[in-house]
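K.L.:
Going by the working numbering, the first residue of the sequence shown is number 1238, and it counts up by one from there. We treat Cβ as the ideally placed atom computed from N, Cα and C, and that holds for glycine. This one's a predicted model, so the numbers in the text were calculated from it and none came from an experiment.
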Amino acid sequence: MSDVDTKAGPGAPDLSMIICTLNEGAAIRNVVTEICEALTGIDYEIIVLDDDSKDQTQSEVLDLAKINPRVHLHVRYNERGLSSAAIMGWDHARGRYLGVMDGDGQHDPKAIREMADKIMAEKKDLMCVSRYLGDADTGLSWFRDLGSRAATAVSGLVLKAPLTDPLSGCFIMTREWYLNARPKLTGVGFKILVDLVASASIRPKFGEVKAALRQRQGGESKLDIRVVLDLAALLVEKATNGFLSARFVLFGVVGVSGVFVYALVLALSHEITRVDGGMSLYRYQVRFDDIINYGLAIWLSMTWNFYINNIITFRDKRLSGWPMVTGLIGFYFACSIGALLSLGVAILLKDYLGIHWFAAGVSAALLSGVWNYWGAKAFAWNRKKGV
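#1: If you run the structure through DSSP and keep just helix, strand and coil, what is V1607?
#2: Say whether the stretch 1303 to 1314 touches the stretch 1552 to 1560, bearing in mind that this needs 3 or more beta-carbon pairs closer than 8 Å, one atom from each stretch.
#3: Hey, V1337 and G1406 are a contact pair by Cβ (cut 8 Å); roughly how many whole angstroms apart?
#4: What are the complete alpha helix (DSSP H) segments, minimum 4 residues, inside the stretch 1424 to 1470?
#5: Around the C-beta of Q1452, are 16 or more other C-beta atoms found within 10 angstroms, so that it is buried, or is it exposed?
#6: With DSSP as the reference, label F1480 as helix, strand or coil.
#7: Taking all protein chains shown into account, do 16 or more other C-beta atoms lie within 10 angstroms of the C-beta of T1258, making it buried, or fewer, making it exposed?
#8: Tell me which residues share the same chain as S1482 and place their Cβ nearer than 7 Å to its Cβ, disregarding the 5 neighbours each side in the sequence.
#9: Below 7 Å CB to CB, which residues in the same chain sit around A1602 once its five sequence neighbours on both sides are set aside?
#10: Alpha helix (DSSP H) containing F1568: first to last residue?
#11: I need the straight-line Cα distance from Y1610 to S1573, nearest angstrom please.
#12: Which residues does DSSP pair with M1364 in a beta bridge?
#13: Can you list, in chain order, the stretches of the alpha helix (DSSP H) that have 4 or more residues and sit fully within the stretch 1242 to 1279?
#14: Using only alpha-carbon positions, find the residue among F1497, G1495, R1484, S1321 that is nearest to R1419.
#15: Could you tell me the boundaries of the beta strand (DSSP E) in which H1309 lies?
#16: Can you tell me which of the three DSSP states E1297 falls into?
#17: Mind checking which residues open and close the beta strand (DSSP E) that includes D1339?
#18: Y1415: which of L1404, P1441, G1426 sits nearest, CA to CA?
#19: By DSSP, does H1281 sit in helix, in strand, or in coil?
#20: Count the other CB atoms within 10 Å of the CB of K1291; is the residue buried (16 or more) or exposed (fewer)?
#21: Is the separation between the beta-carbon of S1253 and that of E1282 shorter than 8 Å?
#22: Starting from R1350, trace the alpha helix (DSSP H) in both directions and tell me its first and last residue.
#23: The alpha helix (DSSP H) spanning W1618 covers which residue range?
#24: With 16 other CB atoms within 10 Å as the buried threshold, where does G1515 fall?
#25: So if DSSP puts D1287 in a beta bridge, which residue, or which two residues, is it bridged to?
#26: May I ask you to report which of helix, strand or coil DSSP gives Y1415?
#27: What residue does the alpha helix (DSSP H) around H1329 start on, and which one ends it?
#28: Between K1587 and the rest of its own chain, which residues show a CB-CB distance below 6 Å, the 5 nearest in sequence each way excluded?
#29: Enumerate in chain order the residues of its own chain whose CB-to-CB distance from A1617 is below 6 Å, with the five nearest sequence positions on each side excluded.
#30: Excluding five sequence neighbours on each side, which residues of the same chain lie with their C-beta closer than 8 Å to the C-beta of A1398?
#31: Can you check whether the CB of G1318 is closer than 8 Å to the CB of T1294?
#32: Given P1250, which residues of its chain have a CB within under 7 Å of its CB, disregarding the five upstream and five downstream residues?
#33: Quick test of your reading: A1534 and V1502, contact by CB under 8 Å. State the CB separation rounded to the nearest angstrom.
#34: Could you round the C-beta distance between A1323 and I1462 to whole angstroms and report it? I think they count as a contact, below 8 Å.
#35: By the three-class DSSP mapping on this structure, what secondary structure does K1622 have?
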């Protein structure tokens, strides 16, 4: 039996609410105070899981913990991402019911209290706040609302329950249902509810509570293109039953962008160094220029891939400072081995096994991509996680 299984023993609270934070110092005091007041009469604990904020978030929570022993702070280092933070918080939690909410004040404490009362009274596995019950305002701008509804429709294709708002960041579940989903959780990105409902082996008995998002009291929106890519990659992983991991999908997308960088640099450098190949005087110069052109294109595309992967694919392990330099060198090494592997496999398949040149090239490239992904994790983004 795991440590997570045994947390909800004698003396454990009924409810553990996880608040994931990153530079939410302007809002967190009021958020924690509001939720504590809303949960009066329930045996609860509040766990603030902070991603090493650089503002006053931690000091604000520690001040509250001195007043209210139900409030706890956990800080993790060298990691980023709401989903992985929520999972870590639930693994630390002791409650029979496990919940999550944002630290910026957008989630209504009254709706959270309503969820808590309902899940305990109605014997549900999962209770969620939904922006899409009824016709009331969602609290989103028209553009974000349109995007959210589109993502909701796509997410529904891989879910085991017809949630009206699977992108909700505020919900409560039983410990038993969480433990059922825990082994297959991806922990990538910000949409942890999608991850949970797609990972569980049993369809949850669920309920929903209508609530619009409130005005943000502090902090900044985390929504950007990376969140969209994370969700898309997560959906691919769940649709393929884990055959293609979300991180590998992101790595592949970045690799495709690197191909465009390679082609652009090659075209530009060829124009700059172009000479008349028809003149014998330049025949050696042409070969030297080819080496320069291809070498420059390969180097710049590899460098591009490293920096974009650092921002998107491995942003929860993002490198900076000296580790970024050593990570870049490790990435160069891994991809160089991958290039040689691709060349060798392509020749083997084409010349010795008689496979068509195109199929041989594609197969070799795919194998190289798998190696590059493994090598990137092993030689570049290999820092140990800290809590």
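P.N.:
So, from the data block:
#1: helix
#2: no
#3: 7 Å
#4: 1429 to 1436
#5: exposed
#6: coil
#7: buried
#8: E1474
#9: S1579
#10: 1559 to 1584
#11: 12 Å
#12: I1409, G1444
#13: 1265 to 1275
#14: S1321
#15: 1308 to 1312
#16: helix
#17: 1334 to 1339
#18: P1441
#19: Rather than His, the amino acid found at residue 1281 in this sequence is Tyr. Y1281 falls in the strand class under three-state DSSP.
#20: exposed
#21: yes
#22: 1346 to 1359
#23: Taken as a continuous stretch (DSSP letters only), W1618 belongs to no alpha helix (DSSP H), as it is neither H nor E.
#24: Annotation note: pLDDT 41 at G1515 (below 50); position unreliable, coordinate value reported separately. Result: exposed.
#25: T1258, V1312
#26: helix
#27: 1319 to 1329
#28: W1594, A1597
#29: G1564, G1567, F1568
#30: L1363, V1434, R1440, P1441, F1443
#31: no
#32: D1280, Y1281, E1282, R1331, G1332
#33: 4 Å
#34: 22 Å between Cβ atoms; not a contact.
#35: With a pLDDT of only 47 at K1622, under 50, the local geometry of the prediction cannot be trusted, and no value is derived from it.
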